[in-house]
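Novice: Here it is, the structure, as structure tokens.
Number of protein chains: 4
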Amino acid sequence: MAKTTKTSRPQRLGVWLFGAYGGLATTLVVGTRAIARGLAEPRGLATELPVANGIPFQDLGGIVFGGHEIRDSDYTSAATEIHARTGSLPPELLRPLRKDLAAASRNVVVGAMPNPGRTIASLADRALRHEKLAVAAERIRADLRAFRTANRLDRVVCVNLTSTEPALRPSPAHRSLAAFERALQKNDERAVRPSAIYAWAAAKEGHPFVHFTPSGSALLPAIQEAFAQSGTPFMGRDGKTGETLVKSALAPMFAHRNLRVLSWQGYNILGDRDGRVLSDSANKKTKVATKDALLPSILGYPLHTHVGIDYVPSLHDLKTAWDFVHFEGFLGFKMALQFTWQGCDAILAAPLVLDLVRFADLAQRRGESGPMPHLACFFKQPFGVAEHDLHVQWQMLVAYLERVRAGQRV
Amino acid sequence: MAKTTKTSRPQRLGVWLFGAYGGLATTLVVGTRAIARGLAEPRGLATELPVANGIPFQDLGGIVFGGHEIRDSDYTSAATEIHARTGSLPPELLRPLRKDLAAASRNVVVGAMPNPGRTIASLADRALRHEKLAVAAERIRADLRAFRTANRLDRVVCVNLTSTEPALRPSPAHRSLAAFERALQKNDERAVRPSAIYAWAAAKEGHPFVHFTPSGSALLPAIQEAFAQSGTPFMGRDGKTGETLVKSALAPMFAHRNLRVLSWQGYNILGDRDGRVLSDSANKKTKVATKDALLPSILGYPLHTHVGIDYVPSLHDLKTAWDFVHFEGFLGFKMALQFTWQGCDAILAAPLVLDLVRFADLAQRRGESGPMPHLACFFKQPFGVAEHDLHVQWQMLVAYLERVRAGQRV
Amino acid sequence: MAKTTKTSRPQRLGVWLFGAYGGLATTLVVGTRAIARGLAEPRGLATELPVANGIPFQDLGGIVFGGHEIRDSDYTSAATEIHARTGSLPPELLRPLRKDLAAASRNVVVGAMPNPGRTIASLADRALRHEKLAVAAERIRADLRAFRTANRLDRVVCVNLTSTEPALRPSPAHRSLAAFERALQKNDERAVRPSAIYAWAAAKEGHPFVHFTPSGSALLPAIQEAFAQSGTPFMGRDGKTGETLVKSALAPMFAHRNLRVLSWQGYNILGDRDGRVLSDSANKKTKVATKDALLPSILGYPLHTHVGIDYVPSLHDLKTAWDFVHFEGFLGFKMALQFTWQGCDAILAAPLVLDLVRFADLAQRRGESGPMPHLACFFKQPFGVAEHDLHVQWQMLVAYLERVRAGQRV
Amino acid sequence: MAKTTKTSRPQRLGVWLFGAYGGLATTLVVGTRAIARGLAEPRGLATELPVANGIPFQDLGGIVFGGHEIRDSDYTSAATEIHARTGSLPPELLRPLRKDLAAASRNVVVGAMPNPGRTIASLADRALRHEKLAVAAERIRADLRAFRTANRLDRVVCVNLTSTEPALRPSPAHRSLAAFERALQKNDERAVRPSAIYAWAAAKEGHPFVHFTPSGSALLPAIQEAFAQSGTPFMGRDGKTGETLVKSALAPMFAHRNLRVLSWQGYNILGDRDGRVLSDSANKKTKVATKDALLPSILGYPLHTHVGIDYVPSLHDLKTAWDFVHFEGFLGFKMALQFTWQGCDAILAAPLVLDLVRFADLAQRRGESGPMPHLACFFKQPFGVAEHDLHVQWQMLVAYLERVRAGQRV
């Protein structure tokens, strides 16, 4: 296992979480502090694998968390609630982190909520509906600047962890940065969702941006333009954690063996806020869309494939997926592979976020800008990358690490 | 899909099967003829994937089958029996191949059976015990020469498809070709198993050799020396078809994500001769050994892993495997992946054999000699290759194809 | 195994199938003839278990099939198509039945199709839309009488095997037989579906009626009145074959052990006409409704439960279901049971139909009338029976058999 | 849910656990106290179901625990260790029970260990080998009397929870009580195992005895005679908790539907002491024997069936079982059911023990003596009962409850 301390002089990296008290964000904050304090091994982190040896990633101990949130909470109570539901984040881990969690909680401020869709709106503890778009947008930016100053941070990386939003109706305001900013001024709420405002603010402030959820509004052309303008790296979307990860590892096997996949049927059940939000069919549609492109891309032909998602409250975050793969071999003989995946979503996702934060920060320090295709293996729908084969994506990451180690520009 | 016809002038390639009437051999013979006659698509063949375009593989229509066998049968009755058990090789496919199967059956002669172990011995229809080793060895070579002459073959490739043998007790006779040949002369049966004789005969005749089963005796140092002496390519061992194939596709995912595998428990059930032979614990030990090395090699650490095999007659060749993977993620949280694989073993293996025959023949035509590491992806225990990650193995194959296409020597 | 021949003097029982060329009907006709001719064992038939010894069930050899159908076909070609899809009904079984199947095919006549819903309408080979309801109704009755006469039948049992219909909007015409018959006269198509007409015709002709599908229109109060009027036994609805059968066997275990089921999530995938019809959400709703009531009834409390159905064409009739049962034990600890069911729907259903035909015929011969609650174990939604525990239902059947054997009236 | 308080005047029932600090015993003690104190619902207890309303079962609050144990421990540390492994028995539950657990720990004394087999011997913390049989036997009885006196108990029930022992070689000493007691006097260790001594002591003291493990030595004819002599009820053996429970619920479904089971293959993986003890093939044989008789008994014919057990340390007590049921339906068509059971063994077993204690105590108060066949549903191998169908066994229990309620003698 690579050593956690990587940089020679201690630097302070701010990590700003849009959706700061969700299960994933809470697990991330608790886990990062636990590893930094030596209470847990850095399990789940690709940046701690031998392959990453010698890469000057941000030290975990120097990471300071803050974020926007629409619900009232704090990290200790959020973590306690998680423990009661899934058994992760146990009290014996939280106790020595009490002060760290209180400090992180002090950095969480009220989020923005323009046009979030019905289901997400219902989660908010406070009515924020009457803030004008332009006011909200500037407030978000001010929050980011205040976070940096108050915590004496060297740099900041922003991460979008908000709930999956319904798709946004296409609008001319999405096509250019100028048009988007005019829409903010004109308070055209139908052209905007919270993720769009958040991503825009990160871009304007020049903070690398990791879009970890499926919401389509965060990486609109207008916002890509903002990142280009400020020379800031970004990547997304939708962290590749459970069933889709397994799919992208297994599907190449069928391709290499010339086994024709006839049907690949996936069925996901999960509880918690995530499951509740996805039980709204508008939000589910956004999610399923990011899961569907993968198979034809890896296999090279269209096939019958379906991803079902259902809300099962008793599971909380212990997401369970059953996949049935029906395939044809020699002489057209039909055979089947089934798998059941039982994972805790936040536990699977949190180390990916940490890896992505470190990679995004590294990219900015190296002067890279725009999309980071070498991070494709972390996403269900990697921005600008058509490759979905996990193993080829992994080779892309390895090759990047080798270039970094060799001191090459990308 | 690449075109089946690849060579400019029609050539005749003999394929000699040790274990000629087994389920796999029968499926191979029926399937090759069915594809050659346009009755079935070349499903399952990697050599028919786009990645193999432009490689001058042997045309399937020019392949002539023959082999050694210890049971009385013929291809039509063997195929009919298979159909009754698994539903593969249906009558409507066999009917137009009746003459082809009769022709192939005429090329099958009586095999050798020195010291095969109790369970395999019980399968034989005829008592061959009293043939001296030296006599058997020379007879096998003579059979190969007769096959070539009688069928006017340009070249011959030999394939070992005999049942899994019990491990052979180490003997000085295994260390050099001279010692091995002395053991044959002295009729030292305890130093020899059928696979050893077959492999030796192929090497002496200069026929490329594909060792598709787990038996340890086929690639003894003495026999490697024989292949080196005649400048003949060979590769083995144990075709990677079902559960192990899935393992080698999935395990890298855990490695890349730094998810610690705590236990990987595999349980295989199967019927037929293969299942019966493996229900003998001596033969099972040989099989399990080739399946066990893979995970520590891919994951990079020792772990609790076990492969169970049980005989379930009603399944016949429809092998079913259940694997349970217990792993630890972020903050030590335990999660699980299960899969069930339901495949027809002969249907999965037959196209691999055909691919391997074509690759072995190509290697010989290109003047290559000795082990063929680029074929690692086809084997559970690739000779001389420590890499078990299916995807890295696949890249090795792709790189070889590129070198061939570029006209390079290996 | 009980002997197939049960009656002293040979009698001829007509079995009239509404939906005569579907996969289930075809499997039923082929299978009954195969068993009657001694080509297959009576596997799957409860009426052939030792528990049924001594009960004077109709001999299978004396059963004559006929029916209504909206598609053009015949039993040999329907069976051949089934074999190509699922491997059941193999050619070697069909060959000796050629004449029997031709004879049964001659008894199939054109069905009625008033207001069947969009998806079912699309399956019909012939346009029958313009037949007035009253005309259709009388024609169906005439068809039944012609079948009886032409085949010199002692008795006739009618079975509804038509595709699942969309729910029928409630109408005053459903409340009494008089009102229903007025609706026929007034050609009020919106109050009627094909199943209603068929059931009404059976009732009017005094033929016992087995309603094997989920369609709600067959057993409307109006039609129950018709059965009462003619003193005819009937039972339904929706044969309990696969996932629901397993549910009704397993759920009592949780109840007896005081293990609280938190969620029971079922997911079914299937192809063929049945899958296609159910992929229409209107028809699916009817189906899911009959599957949902079972668990709260057995467990005694409301719970989170869901039955998903998706269309997977490559499976044809090889229905696969995955169920996930999340339950709580001692001290509130959560545990899980999963099962995967892989069955051929027609193969599972056909012997139930045959059992039901024999029981319905027996009831009529015994002078019983109205619903047959002792047949509850055969149905997902047993008419007039609140009990869903398979084992209690089975005891009801056993008790009935004992009463019959003892010569008691029910 | 029935009320926990059942008796009119508070009585004190001693429960003596042979194997007092094992996972099951610890879960039982913690859980009983937690329910008695209102900290948990009586989930998992059949004696708390509505069907048991009005039966004068012992109040849980009046139960006092004690027992024999060969390892050094106490209930708080045993429970804390369990929590770390499986997540059951969480600190927030243990904290308010600290005094109760200390009190119970004070009642645990050193067990006896004549001829326990190699693996169990290795678990002991103290060398007890040199105690003579007769001395050990009398000491055990004295321990029971001391427990009763010290705790002012109205009655005592004994429960055998010791690890599975290797089978005992048949001996004339097993045939009669006199012969057995002579063997004790002669210190014939080869005729005795710990379970035999424990059961004998309970019988001699007239305490009802629940034999919850598979060990064969506890209910030898000699010991049955001892129970008869003292007029004491007893029952065993091997609590039916996980995979076998599911089997006995599901197998009747195949029988009722006349679906022929071809193979029923079960594969169990588990960790902890239980898994370690069963990884010794001598002990495993005893366990597998109690699991194997069930299917032929329910199905009525011999079939291919196998129960595999493997030790997977990372699972601890979270036992996982995969069962594959291969069956034949109409026309001999083959289909399959698979299930995966994921349960915590101690959590599943503890409420059964509590139920059995209450039933055994009730039986004694009612003057019943000898085997208690109405408790068959709780055992893998119910003493003297050939019926294995869970549902028929359940009806036997219900009938008993009705007789009790009606004030009838059994």
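Chains as they are written, first to last, in my numbering: chain H, 45 to 454; chain P, 45 to 454; chain X, 45 to 454; chain L, 45 to 454.
Built from N, CA and C at the ideal position, the CB exists for glycine as well.
If you're wondering where the values come from, they're calculated on a predicted model, not measured in any experiment.
Closer than 8 Å by C-beta to residue 161(L): which residues in its own chain qualify, once you throw out the five before and the five after it? Chain order, please.
Specialist: Locating residue 161(L) in the fourth sequence gives position 117, where the first residue counts as 1. 209, 210, 237, 324, 326 and 327, listed in sequence order.
Novice: Give the list of continuous alpha helix (DSSP H) stretches no shorter than 4 residues that lie fully inside the stretch 74 to 151 of chain P.
Specialist: Runs found: 119 to 130, 135 to 138 and 142 to 150.
Novice: Do you know how far the Cα of residue 228(H) is from the Cα of residue 178(H)?
Specialist: Here residue 178(H) is taken as the residue at index 134 of the first sequence, counted from 1. Here residue 228(H) is taken as the residue at index 184 of the first sequence, counted from 1. The alpha-carbon atoms of residue 178(H) and residue 228(H) are separated by roughly 5 Å.
Novice: Answer yes or no: does any C-beta atom of chain B fall closer than 9 Å to that of residue 163(L)?
Specialist: Judged by its chain identifiers, the structure shown contains no chain B, and its protein chains are H, P, X and L.
Novice: On the DSSP bridge assignment, give the partners of residue 372(P) in chain order.
Specialist: As a working mapping, residue 372(P) is identified with position 328 in the second sequence. 304(P) and 378(P).
Novice: Please classify residue 449(H): is it buried, with 16 or more other beta-carbons within 10 angstroms of its beta-carbon, or exposed?
Specialist: The residue given as residue 449(H) occupies position 405 in the first sequence. Residue 449(H) is exposed by the Cβ-count criterion.
Novice: As a quick exercise: from 313(H), 382(H) and 396(H), pick the residue whose alpha carbon is nearest that of residue 93(H).
Specialist: The sequence position of residue 93(H) within the first sequence is 49, counting from 1. The shortest Cα separation from residue 93(H) among 313(H), 382(H) and 396(H) belongs to 396(H).
Novice: Let me make sure I understand the geometry here. Which of 276(L), 280(L), 379(L) and 251(L) has the alpha-carbon closest to that of residue 259(L)?
Specialist: Taking the fourth sequence and counting its residues from 1, the one referred to as residue 259(L) is at position 215. Among 276(L), 280(L), 379(L) and 251(L), the Cα nearest to that of residue 259(L) is on 280(L).
Novice: Please report the straight-line C-alpha distance between residue 188(H) and residue 309(H), rounded to a whole angstrom.
Specialist: For this step, residue 188(H) is matched to residue 144 along the first sequence. For this step, residue 309(H) is matched to residue 265 along the first sequence. Using only the alpha carbons, I get a separation of about 43 Å.
Novice: List the endpoints of the continuous alpha helix (DSSP H) containing residue 405(P).
Specialist: Residue 405(P) sits at position 361 when you count from the first residue of the second sequence. First-last of the alpha helix (DSSP H) with residue 405(P): 389 to 409.
Novice: Under 7 Å between beta-carbons, which chain L residues line up against residue 372(X)? List them in chain order, please.
Specialist: As a position in the third sequence, residue 372(X) is number 328, starting the count at 1. What residue 372(X) touches in chain L: 87.
Novice: Got a sec, what are the start and stop residues for the alpha helix (DSSP H) residue 192(P) sits in?
Specialist: Taking the first residue of the second sequence as 1, we reach residue 192(P) at position 148. Looking at the DSSP string, the run of the alpha helix (DSSP H) that includes residue 192(P) is 177 to 194.
Novice: Is residue 309(P) close to chain H, meaning its C-beta is less than 9 Å from at least one C-beta of that chain?
Specialist: Here residue 309(P) is taken as the residue at index 265 of the second sequence, counted from 1. Output row for residue 309(P): interface = no.
Novice: When the Cβ atoms of the stretch 66 to 82 of chain P are set against those of the stretch 109 to 122 of chain P, are three or more pairs found closer than 8 Å?
Specialist: Touching, per the Cβ criterion.
Novice: Give the residues of chain H in contact with residue 131(L), contact being defined as C-beta atoms less than 7 Å apart.
Specialist: Position 87 of the fourth sequence, counting from 1, holds the residue named residue 131(L). Chain H residues near residue 131(L): 131.
Novice: Run down chain L in chain order and give the residues with a C-beta less than 8 Å from the C-beta of residue 359(P).
Specialist: Within the second sequence, the letter at position 315 stands for residue 359(P). Under the 8 Å cutoff, chain L gives 307 and 370.
Novice: Can you tell me the Cα-Cα spacing of residue 159(L) and residue 216(L), whole angstroms?
Specialist: Position 115 of the fourth sequence, counted from the start, is the residue given in the question as residue 159(L). Position 172 of the fourth sequence, counted from the start, is the residue given in the question as residue 216(L). Rounded to whole angstroms, residue 159(L) to residue 216(L) spans 17 Å at the Cα level.
Novice: How many angstroms separate the CA atom of residue 438(X) from the CA atom of residue 300(L)?
Specialist: Start at 1 with the first residue of the third sequence, and residue 438(X) comes out as number 394. Start at 1 with the first residue of the fourth sequence, and residue 300(L) comes out as number 256. So the alpha carbons of these two residues sit roughly 7 Å apart.
Novice: With a cut-off of 8 Å, do at least 3 Cβ pairs link the stretch 375 to 386 of chain H to the stretch 132 to 151 of chain P?
Specialist: Yes, they touch.
Novice: Please decide whether residue 384(L) counts as near chain H, where near means a Cβ-Cβ distance under 9 Å.
Specialist: The residue labelled residue 384(L) in the question sits at position 340 within the fourth sequence. Cβ-Cβ to chain H under 9 Å: yes for residue 384(L).
Novice: Residue 265(X) CB to nearest chain P CB: under 9 Å?
Specialist: On the third sequence, position 221 is the one that residue 265(X) refers to. Taking Cβ atoms only, chain P never reaches closer than 9 Å to residue 265(X), which makes this a no.
Novice: Please confirm if residue 449(L) has its CB atom under 9 Å from at least one CB of chain X.
Specialist: Counted from its first residue, the fourth sequence places residue 449(L) at position 405. Residue 449(L) does not count as touching chain X.
Novice: With 9 Å as the threshold, decide whether the Cβ of residue 443(L) is near any Cβ in chain P.
Specialist: Mapped onto the fourth sequence, residue 443(L) falls at position 399. No, residue 443(L) does not count as interfacial toward chain P.
Novice: Which full runs of the beta strand (DSSP E) of 3+ residues lie inside the stretch 219 to 288 of chain L, going along the chain?
Specialist: You should have 253 to 255 and 277 to 280.
Novice: Given a cut-off of 9 Å, decide if residue 203(H) and residue 148(H) are closer than it, judged by their beta-carbon atoms.
Specialist: The residue you call residue 148(H) lines up with position 104 of the first sequence. The residue you call residue 203(H) lines up with position 159 of the first sequence. Not in contact: residue 148(H) and residue 203(H) (Cβ atoms no closer than 9 Å).
Novice: According to DSSP, simplified to helix, strand and coil, what is residue 444(H)?
Specialist: Walking along the first sequence from the start, residue 444(H) turns up at place 400. Note: residue 444(H) maps to helix in three-state DSSP.
Novice: Would the stretch 270 to 285 of chain L and the stretch 406 to 417 of chain L be scored as touching if the rule is three or more Cβ pairs under 8 Å?
Specialist: Yes, since at least three Cβ pairs between the stretch 270 to 285 of chain L and the stretch 406 to 417 of chain L fall closer than 8 Å, the two stretches touch.
Novice: Use the C-beta contact count for residue 252(H): other C-beta atoms within 10 angstroms, 16 or more gives buried, fewer gives exposed.
Specialist: One-based indexing of the first sequence puts residue 252(H) at position 208. With 16 or more other Cβ atoms within 10 Å, it is buried.
Novice: Report buried or exposed for residue 163(X), applying the criterion of at least 16 other Cβ atoms within 10 angstroms of its Cβ.
Specialist: The residue you call residue 163(X) lines up with position 119 of the third sequence. Under this definition residue 163(X) is a buried residue.
Novice: Please report the straight-line C-alpha distance between residue 350(H) and residue 186(X), rounded to a whole angstrom.
Specialist: Along the first sequence, one-based indexing puts residue 350(H) at 306. Along the third sequence, one-based indexing puts residue 186(X) at 142. Spanning the two alpha carbons is a distance of roughly 47 Å.
Novice: What number of angstroms, rounded off, separates the C-alpha of residue 95(X) from the C-alpha of residue 291(L)?
Specialist: On the third sequence, residue 95(X) is found 51 positions in, with the first residue counted as 1. On the fourth sequence, residue 291(L) is found 247 positions in, with the first residue counted as 1. Their backbone Cα atoms lie some 22 Å apart in a straight line.
Novice: Leaving out five residues before and five after residue 329(H) in sequence, what residues of the same chain have Cβ atoms less than 7 Å from its Cβ?
Specialist: Taking the first sequence and counting its residues from 1, the one referred to as residue 329(H) is at position 285. Excluding positions up to five away in sequence, the list reads 211.
Novice: Let me make sure I understand the geometry here. Which of 254(P), 273(P) and 384(P) has the alpha-carbon closest to that of residue 425(P)?
Specialist: Here residue 425(P) refers to the residue found at position 381 when the second sequence is read from its first residue. Comparing Cα-Cα distances from residue 425(P) to each of 254(P), 273(P) and 384(P), the minimum goes to 254(P).
Novice: Starting from the beta carbon of residue 290(H), find every residue of chain P whose beta carbon is closer than 8 Å, and list them in chain order.
Specialist: The residue you call residue 290(H) lines up with position 246 of the first sequence. Here the neighbours are 294, 297 and 381.
Novice: Could you work out which residue in 213(H), 427(H) and 398(H) is closest to residue 59(H) when comparing CA atoms only?
Specialist: Position 15 of the first sequence, counted from the start, is the residue given in the question as residue 59(H). The candidate whose alpha carbon is nearest that of residue 59(H) is 398(H).
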